[in-house]
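Here the structure comes first, spelled out in structure tokens, and everything after it is commentary.
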């Protein structure tokens, strides 16, 4: 059984100037249950395993997602459920919270194990109308299997799917702050405040205008 412990100080900041950020939203997960004014559970198996041939069935059960000691805990379990042999959980802010530009960060501790793929990511809220990848995707943090590194990646459409990103080494079994800083010109990726990748989106270069809408 693997647990993903997420203290999502899911904090969202708006930049006032080059040195100053203003907090505009956060979820400290300090209540007794998940705040459904902020979050929606995505359940089931999705289309083509959520587009990734994923093997689990996502549920909203407390066995898979709960709050413990001020932490959001997502637990992947090996069990038969809904025609799948694994369960886990997936929550989103779609239709409730939407942000463009700013600093977005979460403090997380991750599992390691073959087949695990925890992620902290964003999709354009126009996905219902334009589909993926035209909506744009920002993967603030992804971790795969037993690797000792994390990935930050952008996905968008430029006459077909384009994917650009970077990675950095860290001990994912310990808590780290994963973040992006995003403005009209650039998206930067950080772990514990250390920059490891950036992508220019200035003037919609290479059809990156989706990240400015």
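Residue numbers (the working numbering): 35 to 247.
We treat Cβ as the ideally placed atom computed from N, Cα and C, and that holds for glycine.
With a cut-off of 8 Å, do at least 3 Cβ pairs link the segment 221–240 to the segment 186–199?
yes
CA nearest to the CA of residue 60, picked from 204, 79, 91 and 132
132
At 3 residues or longer, and completely inside the segment 211–241: list those beta strand (DSSP E) runs for me, N to C.
The DSSP assignment places complete beta strand (DSSP E) segments of no fewer than 3 residues inside the segment 211–241 at 220–225 and 228–234, in order along the chain.
Please report the Cβ distance between residue 73 and residue 108, rounded to the nearest whole angstrom; I am assuming they are in contact, meaning their Cβ atoms lie under 8 Å.
So it is not a contact: roughly 12 Å between Cβ atoms.
Whole-angstrom Cβ separation of residue 220 and residue 235, contact assumed at under 8 Å?
6 Å
Under 7 Å Cβ to Cβ from residue 247, same chain only, skipping five residues before and after it: list those, please.
The answer is none, since no qualifying residue turns up.
Tell me the residue span of the beta strand (DSSP E) that contains residue 174.
171–176
Can you look up residue 154 in the DSSP assignment and give me helix, strand or coil?
strand
Return the chain-ordered list of same chain residues with a C-beta closer than 6 Å to the C-beta of residue 49, the five sequence neighbours on each side being excluded.
55
Could you please give me the residues that DSSP links to residue 74 through a beta bridge?
126
Under the three-state DSSP convention, the category residue 107 falls into
strand
C-alpha distance - residue 211 paired with residue 116, whole-angstrom precision
Roughly 34 Å between the two C-alpha positions.
Spatially closest choice to residue 203 from 184, 194, 175 and 197, by CA coordinates:
184
Determine the direct distance from the alpha carbon of residue 198 to that of residue 87, and round the result to whole angstroms.
Distance between the alpha carbons of residue 87 and residue 198: 21 Å.
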